[in-house]
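Enquirer: Sequence order for the protein chains is Z and X. Be aware that the first sequence starts at 4, since it is given in my numbering, and climbs by one per residue. Be aware that the second sequence starts at 268, since it is given in my numbering, and climbs by one per residue.
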Amino acid sequence: MNTFAAQFREQSLRLTRDLRHRLLIQNALGKYETQRDHRKAAFQDWQSARQAAAEIKWEAINHLDVHLQDFVSRIEARGTVVHWASTAAQARDIIIGIVRDSKARSIIKSKAMTSEEIHLNEALEEAGFEVVESDLGEFIVQLRKEAPYHIVFPAMHLTRGDISELFTRELGSAPTQNPEDLTMIARRVLRQKYINADVGLTGANFPIAETGMISITENEGNARLTAALPKVMISLLGIEKVLPRLEDLALFLPLLATAGTGQPLTCYNSLYGGPRRADESDGPEEFHVVLLDNHRTELLADAEQRDALHCIRCGACLNVCPIFRNVGGHTYGTTYSGPIGSVITPHLRGLQDWKHLSYSSSLCGASTETCPVKINLHHHLLQNRRNASRQKPSRIEKFAFRTYAAIVNRPGLYHLVKKAGRVLQKLHPLVRGTRADPAYGWTKTRDLPPIARQTFKEYWKDRNIK
Amino acid sequence: MVQILERLGHTVECPQDLACCGQPAFNSGYWDESRAIAVNVLSRLKDAEAVVVASGSCGAMLKVFYPELFAKTPHLDAAKSLSARTWEFSDFLVTRLGVSDVGARFPARVTFHDGCHGLRELGIKQPPRVLLSKVRDIQLVEMKEAETCCGFGGAFAAKFPMISTAMGEVKCASAAETGAEYIVSNDSSCLMHLQGLLSRQGKPVKTIHLAEILVRQ
Numbered sequence: 004m005n006t007f008a009a010q011f012r013e014q015s016l017r018l019t020r021d022l023r024h025r026l027l028i029q030n031a032l033g034k035y036e037t038q039r040d041h042r043k044a045a046f047q048d049w050q051s052a053r054q055a056a057a058e059i060k061w062e063a064i065n066h067l068d069v070h071l072q073d074f075v076s077r078i079e080a081r082g083t084v085v086h087w088a089s090t091a092a093q094a095r096d097i098i099i100g101i102v103r104d105s106k107a108r109s110i111i112k113s114k115a116m117t118s119e120e121i122h123l124n125e126a127l128e129e130a131g132f133e134v135v136e137s138d139l140g141e142f143i144v145q146l147r148k149e150a151p152y153h154i155v156f157p158a159m160h161l162t163r164g165d166i167s168e169l170f171t172r173e174l175g176s177a178p179t180q181n182p183e184d185l186t187m188i189a190r191r192v193l194r195q196k197y198i199n200a201d202v203g204l205t206g207a208n209f210p211i212a213e214t215g216m217i218s219i220t221e222n223e224g225n226a227r228l229t230a231a232l233p234k235v236m237i238s239l240l241g242i243e244k245v246l247p248r249l250e251d252l253a254l255f256l257p258l259l260a261t262a263g264t265g266q267p268l269t270c271y272n273s274l275y276g277g278p279r280r281a282d283e284s285d286g287p288e289e290f291h292v293v294l295l296d297n298h299r300t301e302l303l304a305d306a307e308q309r310d311a312l313h314c315i316r317c318g319a320c321l322n323v324c325p326i327f328r329n330v331g332g333h334t335y336g337t338t339y340s341g342p343i344g345s346v347i348t349p350h351l352r353g354l355q356d357w358k359h360l361s362y363s364s365s366l367c368g369a370s371t372e373t374c375p376v377k378i379n380l381h382h383h384l385l386q387n388r389r390n391a392s393r394q395k396p397s398r399i400e401k402f403a404f405r406t407y408a409a410i411v412n413r414p415g416l417y418h419l420v421k422k423a424g425r426v427l428q429k430l431h432p433l434v435r436g437t438r439a440d441p442a443y444g445w446t447k448t449r450d451l452p453p454i455a456r457q458t459f460k461e462y463w464k465d466r467n468i469k
Numbered sequence: 268m269v270q271i272l273e274r275l276g277h278t279v280e281c282p283q284d285l286a287c288c289g290q291p292a293f294n295s296g297y298w299d300e301s302r303a304i305a306v307n308v309l310s311r312l313k314d315a316e317a318v319v320v321a322s323g324s325c326g327a328m329l330k331v332f333y334p335e336l337f338a339k340t341p342h343l344d345a346a347k348s349l350s351a352r353t354w355e356f357s358d359f360l361v362t363r364l365g366v367s368d369v370g371a372r373f374p375a376r377v378t379f380h381d382g383c384h385g386l387r388e389l390g391i392k393q394p395p396r397v398l399l400s401k402v403r404d405i406q407l408v409e410m411k412e413a414e415t416c417c418g419f420g421g422a423f424a425a426k427f428p429m430i431s432t433a434m435g436e437v438k439c440a441s442a443a444e445t446g447a448e449y450i451v452s453n454d455s456s457c458l459m460h461l462q463g464l465l466s467r468q469g470k471p472v473k474t475i476h477l478a479e480i481l482v483r484q
């Protein structure tokens with residue numbers, strides 16, 4: 004077992020035993036579900052909306068080259084500098100280069116999972132810059148020196164008490180359990196950071212090919228401040244996010260808000276098209292867009308799983324996933340957790356190192372059912388399993404399944420094995436539930452039913468003799 | 268299941284040399300080994316008018332996953348043909364035969380667990396409930412987490428027992444809230460997992476397959 008798989012197993016064991024944590028997450032996500040269902044009902048036909056969104060993404064991804072070129076040429080025409088980054092390292096170097104060139108010291112950021120993906124904060128800090136997350140949840144996990152717990156709710160694993168304690172410790176504020184007071188504490192700190200920042204860094208929800216603009220959707224207004232106050236603005240975006248037309252937002256903005264947070268629309272929706280023009284009173288003097296590939300084009304070449312690039316990062320699949328709801332977000336050890344993370348991480352970081360996530364699924368299909376852009380998530384997990392065992396089969400498993408196939412294909416042998424099982428199960432109590440038990444994975448927490456005294460086949464045979 | 272179908276006047280056959288649909292190997296990523304089993308299933312069932320399966324999961328394997336397993340192979344047509352003829356038991360009774368009352372009687376309070384494969388791969392939600400609603404003296408109480416996975420998931424249950432067990436606990440707790448004496452399902456593997464958990468934890472709730480209720484008179 005590789006280190007990542009061992010860590011996942013260890014964390015899973017720890018967190019499934021942490022009943023307080025399980026309850027906290029399940030309660031929070033239960034409330035989300037109620038809210039989301041309420042908003043889904045506001046759509047005339049939610050299933051048709053999903054279908055329409057899937058078709059738009061299908062077109063967007065299948066003609067990604069054209070849409071990207073359109074997006075780039077149009078946003079460049081308004082004075083934006085576009086950078087293409089094939090790898091995470093290139094993207095980091097490009098961004099550090101821009102920051103250095105602008106002689107900046109402090110960078111303010113709004114929420115961007117792509118920046119987590121390329122480990123940007125660490126790189127910027129190592130290069131000697133101050134980086135401040137301005138999304139409240141991200142600000143909290145940054146103070147805790149943690150990765151976001153969830154792609155949409157980064158601090159959902161913390162209670163008000165946890166946050167109060169953190170603020171008292173790190174910011175010297177007076178303890179309070181009141182959410183408004185806690186928000187005000189963060190706000191006071193952040194306002195000063197906006198003013199001091201030389202560079203603002205954002206992600207993007209939807210780059211629009213038709214107009215060469217970037218749509219950013221948020222609830223706190225922090226992305227607006229990040230984009231408006233500093234002299235230099237950088238947007239780091241995955242190439243797969245592009246949508247063909249401006250009017251597509253009419254579907255995608257409510258779809259994302261409904262699936263993501265159970266809102267009709269998020270509180271702030273902005274479009275950014277370039278640096279400040281001569282006749283404009285605010286906005287950045289310089290605007291850079293960094294387009295990130297980082298293995299996305301390899302996924303694009305995979306006809307079977309290409310639709311994983313449809314993802315709009317709403318987090319809905321995490322919210323309904325019973326695995327996520329029991330082990331939580333940090334256990335995955337990935338940027339993208341939950342079902343979509345289990346599907347794409349092997350593509351982003353290597354199949355053999357991350358295949359365990361594809362096996363750690365009951366294939367229940369709740370994620371596929373909920374995905375607003377209809378990614379066939381659990382079938383992709385099956386394909387990852389197939390690809391992993393094709394590429395590097397486990398000798399024991401291969402042998403086991405060959406033997407299994409040989410037995411079930413030979414009725415005489417199958418009958419014999421069943422008989423042997425009846426004899427051997429009498430010895431089972433000697434080892435049941437101990438490490439010596441061949442069925443330990445099962446019997447540690449569960450009883451195993453005895454083999455039926457009369458199996459269906461025996462019943463059938465007897466019946467036909469009579 | 269056989270008894271119920273025969274009571275309704277159908278001829279039931281059961282090929283003696285079939286033991287498994289190959290799903291364990293398929294789900295674990297060993298598709299060649301799975302196909303070695305599945306080709307036999309295809310050939311043995313090729314003449315059946317309807318193939319009725321008592322487990323949503325095995326049903327989904329035949330109906331949904333075989334065409335995927337045999338894609339780009341010479342057996343694809345046979346797989347598609349079998350897929351079209353395969354029915355999950357409750358769906359067969361209600362949708363194909365139009366039967367909702369099989370004359371059963373079962374005096375107990377029960378709650379229904381939707382097996383994931385039956386529910387989401389095959390889209391079967393109402394048929395088992397229609398059948399249960401016609402059972403005399405039964406009291407069906409829906410649980411909040413009826414559609415949530417029980418945590419079985421085949422090899423997953425043994426590979427990640429801690430997660431599988433936690434999921435099972437969520438399910439059992441939700442079932443217990445209804446005060447039901449039985450958890451009913453149309454999927455035997457979920458029931459094996461849940462019964463294993465319940466009996467280990469000394470809980471009084473029992474599990475029972477839908478067909479076992481429908482056969483009681």
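Glycine is no exception: its CB is placed at the ideal position from the N, C-alpha and C atoms.
Could you list which residues in chain X have their beta carbon closer than 7 angstroms to that of L360/Z, in chain order?
Expert: Here the premise fails: no neighbours, minimum Cβ distance about 11 angstroms.
Enquirer: Any idea what DSSP makes of G435/X, helix, strand or coil?
Expert: In the three-state DSSP reduction, G435/X falls in the helix class (H, G or I).
Enquirer: Quick one: which residues of the segment 275 to 290 of chain X get their C-beta closer than 7 angstroms to a C-beta of chain Z? List them in chain order.
Expert: C281, Q283, D284, A286 and C287
Enquirer: So within the segment 112 to 152 of chain Z, which uninterrupted beta strand (DSSP E) runs reach at least 3 residues, ignoring any that extend past its ends?
Expert: 133 to 136
Enquirer: Residues bridged to W87/Z by DSSP?
Expert: L294/Z
Enquirer: Give a yes or no on whether the C-beta atoms belonging to L239/Z and A115/Z are separated by under 8 angstroms.
Expert: yes
Enquirer: Please classify V235/Z as buried or exposed, where buried requires at least 16 neighbouring CB atoms within 10 angstroms.
Expert: Result: buried.
Enquirer: Looking at chain Z, is there any beta carbon in it that lies within less than 8 angstroms of the beta carbon of F337/X?
Expert: no
Enquirer: Would you call N297/Z buried or exposed, if buried means 16 or more other Cβ atoms sit within 10 Å of its Cβ?
Expert: buried
Enquirer: Anything in chain X within Cβ reach of Y417/Z, meaning under 7 angstroms, just list it in chain order.
Expert: A286
Enquirer: Within this structure, are the beta carbons of S363/Z and F423/X separated by less than 8 angstroms?
Expert: For the pair S363/Z and F423/X, the CB atoms are nearer than the 8 angstroms cut-off.
Enquirer: When the cut-off is 8 angstroms and only beta carbons count, does F404/Z lie next to chain X?
Expert: At least one CB atom of chain X sits nearer than 8 angstroms to the CB of F404/Z.
Enquirer: Under a Cβ-count criterion, where at least 16 other Cβ atoms within 10 Å of its own Cβ denotes burial, should H41/Z be classed as buried or exposed?
Expert: exposed
Enquirer: For chain X, find out if any of its Cβ atoms is closer than 8 angstroms to the Cβ of G332/Z; answer yes or no.
Expert: G332/Z is outside the set of residues whose beta carbon lies under 8 angstroms from a beta carbon in chain X.
Enquirer: Would L360/Z and Y339/Z be called neighbours here (beta carbons separated by less than 8 angstroms)?
Expert: no
Enquirer: Quick one: list the residues of chain X neighbouring G444/Z, beta-carbon separation under 8 angstroms, in chain order.
Expert: A424, A425, K426 and P428
Enquirer: Measure the C-alpha to C-alpha separation of R12/Z and S322/X and round it to an integer number of angstroms.
Expert: Cα to Cα, R12/Z sits roughly 30 angstroms from S322/X.
Enquirer: On the three-state DSSP scale, how would you describe V426/Z?
Expert: Here DSSP, grouped into helix, strand and coil, assigns V426/Z to helix.
Enquirer: What are the start and end residues of the beta strand (DSSP E) that includes K473/X?
Expert: Segment K473 to H476, the beta strand (DSSP E) holding K473/X.
Enquirer: Does the segment 80 to 90 of chain Z come close enough to the segment 274 to 288 of chain Z to have 3 or more Cβ pairs within less than 8 angstroms?
Expert: yes
Enquirer: Show which residues of chain Z have a CB atom less than 8 angstroms away from the CB atom of C416/X.
Expert: P325, S365, C367 and A369
Enquirer: Assuming contact is defined by CB atoms lying nearer than 8 angstroms, are T205/Z and T229/Z in contact in what I supplied?
Expert: yes
Enquirer: Can you tell me which of the three DSSP states H384/X falls into?
Expert: helix
Enquirer: Consider the Cβ of H380/X: report whether some Cβ of chain Z lies at a distance smaller than 8 angstroms.
Expert: no
Enquirer: CB-CB under 8 angstroms to T162/Z, same chain, minus the five flanking residues each way: which ones, in chain order?
Expert: L27
Enquirer: For V202/Z, list the residues DSSP reports as bridge partners.
Expert: I110/Z and V235/Z
Enquirer: Taking 8 angstroms as the CB-CB cut-off, is L464/X touching chain Z?
Expert: It does; some Cβ of chain Z falls within 8 angstroms.
Enquirer: Can you say whether R438/Z is buried or exposed, counting buried as having 16 or more other CB atoms within 10 angstroms of its CB?
Expert: exposed
Enquirer: So, for S350/X: in the same chain, excluding its five sequence neighbours on each side, which residues have a beta-carbon less than 8 angstroms away from its beta-carbon?
Expert: L329, K330, V331, Y333 and P334
Enquirer: Based on the DSSP output, what are the partners of S537/X in its beta bridges?
Expert: The question about residue 537/X has no answer, for chain X in this structure spans 268 to 484.
Enquirer: What does the Cβ neighbour count give for N5/Z, buried or exposed, with the cut at 16 atoms within 10 Å?
Expert: exposed
Enquirer: Residues of chain X with a CB under 7 angstroms from the CB of V134/Z: which are they?
Expert: Chain X residues near V134/Z: none, gap ~35 angstroms exceeds 7 angstroms.
Enquirer: At a CB-CB cut-off below 8 angstroms, which residues of chain Z make contact with H460/X?
Expert: R449
Enquirer: Would you mind working out which of T300/Z, P342/Z, R398/Z and Q394/Z sits nearest A88/Z, comparing C-alpha positions?
Expert: T300/Z
Enquirer: What would DSSP say about E280/X, mapped onto helix, strand or coil?
Expert: E280/X falls in the coil class under three-state DSSP.
Enquirer: Measure the alpha-carbon distance for V482/X versus D404/X and round it to whole angstroms.
Expert: 14 angstroms
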